[in-house]
Amino acid sequence: MSAEAALRPLSAHRSPALKGRVRVPGDKSISHRSLMFGALAIGRTTITGLLEGGDIMSTAAAMRAFGANIHRGDDGTWTVDGVGVGGLLEPAGVIDFGNAGTGVRLCMGLAAAQPIAVTFTGDGSLIKRPMGRVLDPLRKMGVDVIARSGDRLPLTMRGAMTPIPIEYTVPVPSAQVKSAVLLAGLGTPGVTTVIEPVFTRDHTERMLAGFGAAIDIETAANGARTIRLEGRPDLKPQTITVPGDPSSAAFPIVAALIVPGSDVTVEGILMNPSRIGLIDTLLEMGADITIENARETGGEKIADLRVKHSALKGVTVPPERAPLMIDEYPVLAAAAAVAEGKTVMLGIEEMRVKESDRIAAVAAGLAANGVDHEEGRDWLSVTGGKVAGGGRVVTHLDHRIAMTFLVLGLVADAPVTVDDAGVIATSFPEFEPLMRGAGALFEDAEADAA
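In full-length UniProt numbering, the protein residues as written are 1 to 450.
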């Protein structure tokens, strides 16, 4: 079947008020790490609430290729029988991570300190994404890499026979780079040190401590963090409950804010301080969001969020917030499209190297649907008003672009169509039924003529 024949266009129509209580899938970042740390522990790790999207299934397949026994029970509970730090097997074939950028980058770190050869590849989107930021520190630890020009997939890496502990300052804010170095440090004798000038999501550090690794974190007065990890520990298996993914929750949250009359509660959302930049921004814009039933599980804060339709106003989002919400800028643009005034997003160059060039993809989608905007190398501005709609959006194999413009279509004068809703399954396979259940009007659309 050709790629074109496999596309599934979907249109979103102006919708009535969204109502009800919804629960989004488990957090993608924690789901990836739960499988990986379970594979490195000695014994059985049990996981409930695991996100079962395409990206996480790619990570599960990779851990099986490394020798871990992974099983899904009939009740949706996952078990991982780990092989221990240093016990990874050399995979018999190529590991295909599909669209999972986080999965492949973290897995490179996981394999870096093992004396094995591993070949990684991905789909048409992932093979275009740069891997050099992760490979540069891993090379310093003794890894050999054979890659396409620009350090892109497919590539083969051979882990170090005698890995070298390093002190590494992350050059740009990146939880993926930080995590890859720490995962490599697990299998490296001595102390591996990562210095992070700008705070990024800290799930790896929290999970390392939870699994029993010796990790020490110092935070300087300027916010820079120094993370020291002692290598080659015996990790202890855990029982993990994965909280709801705030990046997935962003879509029903924004939809409820912009569709008149809406009142939606999103249950069990991860409220880690490194992940709530969008919530902070929406509150600054005047969003009616109430935090209810705050509690803690596995060292992570979670809560229910009650969201009501709000008259939003444009704001300037500072560049230092980008690491706390880098995946949420596309759907913020949908909120900005109906807000009063101009919303300016600064310091977002990292968006250009995601599943697509998200600045360009969002700008093109806004243009196709009559939304006033401007873009620069590392910024995007959106001037709110009525959304004309009627446009067809090219998703570029990017799940967040697809969901963003389906949300925007719920308030547009004419339907908004995305060229392929199938890509949403990589992170949020329940998106359509969840949104339809709350009242969203979606309709299958015709494919482009060949």
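A virtual CB, placed ideally from N, CA and C, is assigned to each residue, including glycine.
Remember, predicted model here, so these are calculated numbers, not experimental data.
Proximity to L270 across P260, L282, E296 and R225 peaks at E296, based on C-alpha coordinates. For L346, there is no enclosing alpha helix (DSSP H); the enclosing beta strand (DSSP E) covers residues K342 to L346.
The beta carbons of V194 and V172 sit no closer together than 8 Å.
With a minimum length of 3 residues, the unbroken runs of beta strand (DSSP E) contained wholly in the segment 189-224 fall at 191-196 and 215-219.
Between V118 and A180, the C-beta gap is not smaller than 8 Å, which leaves the two residues out of contact. L18 is a Cβ neighbour of A440, given a cutoff of 8 Å. Residue nearest to E443 within the set P429, A425 and L406 is L406 (criterion: CA-CA distance). Membership of I401 in the alpha helix (DSSP H) is indicated by the continuous run H399 to G409.
Rounded to whole angstroms, the separation of the alpha carbons of R21 and E432 is 15 Å. Taking C-beta separations shorter than 8 Å and ignoring five residues to either side along the sequence, the partners of A425 in its chain run G53, G54 and H399, following chain order. Taking a cut-off of 8 Å on C-beta distances, the segment 242-259 touches the segment 21-36, as three or more cross pairs fall below it. Taking the C-beta atoms as reference points, R33 is found nearer than 8 Å to T204. By the neighbour-count criterion, in which a residue is buried when 16 or more other Cβ atoms sit within 10 angstroms of its Cβ, M141 is buried. Put simply, the backbone Cα of T417 is about 18 Å away from that of P252. Rounded to the nearest angstrom, the Cβ distance from P163 to A213 is 16 Å, too far for a contact under 8 Å. Per DSSP, D234 is not a residue of any beta strand (DSSP E), being assigned neither H nor E. In this model, G187 and G159 are separated by some 10 Å (Cα to Cα). For secondary structure counted as the beta strand (DSSP E) over 3 or more consecutive residues, the segment 5-77 holds these complete runs in sequence order: 10-13, 19-23, 44-48 and 69-72.
Residue pairing for V80: DSSP places it in a beta bridge opposite T45 and I70. In its chain, beyond the 5 residues on either side, G159 and M161 have a beta carbon closer than 6 Å to the beta carbon of P115. C-alpha of G277 to C-alpha of M325: approximately 5 Å in a straight line.
Sixteen is the threshold: when 16 or more other Cβ atoms of the shown chains lie within 10 Å of the Cβ of K178, as they do, the residue is buried. Contact between the segment 325-341 and the segment 384-394 is present: three or more C-beta pairs spanning the two stretches fall below 8 Å. With fewer than 16 other beta carbons inside 10 angstroms of its own, S149 counts as exposed. The count of Cβ pairs closer than 8 Å, one atom from the segment 224-235 and one from the segment 275-293, stays below three, leaving the stretches out of contact. Rounded to the nearest whole angstrom, the C-alpha separation of I240 and A367 is 43 Å.
In this structure, the straight-line span from the alpha carbon of L397 to that of I127 is close to 12 Å. Check the Cα spacing between P330 and each of G299, M403, R377 and V307: the tightest is with M403. The segment 229-291 is shown to contain whole beta strand (DSSP E) runs of 3 or more residues at 239-241 and 263-270, in chain order.
Taking each of P323, G82 and K342 in turn and checking the Cα distance to M351, the smallest one comes out for P323.
Of the other Cβ atoms in all chains shown, fewer than 16 fall within 10 Å of the Cβ of N69; this residue is therefore exposed. For L312, there is no enclosing beta strand (DSSP E), as DSSP marks it with neither H nor E. Looking from the CA of P16, the closest CA among G409, F428, E320 and V85 belongs to G409. When secondary structure is reduced to three states using DSSP, A160 falls in the coil class, being assigned neither helix nor strand.
Distances from the CA of D96 to each of A364, M108 and G86 were compared; the closest alpha carbon is that of M108.
Residue range G101 to A112 is occupied by the alpha helix (DSSP H) that includes T102.
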